[in-house]
Amino acid sequence: MPGNPNVDFTYQDGHIAVFLDDSSVPAMREAALDVLELPDVIAAYYRDGDRYVRHGPLGPMGRREFSWWQRYGQRLVDTMAADFGPDVVGLLRDDTSYGVIGDHGGHQRLIQEIPMVFSWPGLEAGAKPGVEIRSVDIVPTILRLMGIEADPEHPMDGGAVRLPMAR
């Protein structure tokens, strides 16, 4: 990124988020390649509407890191895709941060695997839901438990997860 006059703003932690003055596809692709030159970047993406497109080669990763990235990288990067989201995203190697790890999120396993406990009358004690729950699923899940319908005028990114109920 050093020397790229098109960079308007960046922030970094477990990933690098880049906002550009010119967010045309050619400019975003060029910036994604610039991001790949930064230390410990494993993958770079540019925004295409409500998703990101990986651009350029992959950086070096260990076997576990690669497996995690393959399984979750695209889905986690796509959670940032919005009109106000970064134009370019660079994912960093595990145990690497350009700031405070987890400060603004990131894709790394350490940042994503957060223990979560729900307590509610009727839930089965100690049960696991059998599906992955993301932080964006918490509010829809709680609304469902409370019997409150989500407002279709204000859609949420996540969805309600069915939690195991006591018999």
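In short: position in the sequence shown from 1, add 171, done, that's this note's numbering.
By construction, the Cβ of each residue, glycine as well, lies at the ideal position given by its N, Cα and C atoms.
Since this is a predicted model, take the numbers as computed values, not measurements.
Query, Result
"Check whether residue 293 and residue 337 have beta carbons under 7 Å apart", "yes"
"When 324, 327, 332, 326 are compared against residue 315, the one with the closest alpha-carbon", "332"
"Contact belief for residue 186 with residue 243 at Cβ below 8 Å, rounded distance in angstroms", "Rounded, the Cβ-Cβ distance is 13 Å, inconsistent with contact."
"DSSP-derived helix/strand/coil call for residue 237", "helix"
"Reduced DSSP category for residue 282 - H, G, I as helix; E, B as strand; rest coil", "helix"
"Given residue 220 as reference, the closest of 291, 252, 246 once Cα atoms are compared", "252"
"Alpha carbon of residue 229 to alpha carbon of residue 321, nearest angstrom", "40 Å"
"Backbone CA spacing between residue 261 and residue 207 [nearest angstrom]", "7 Å"
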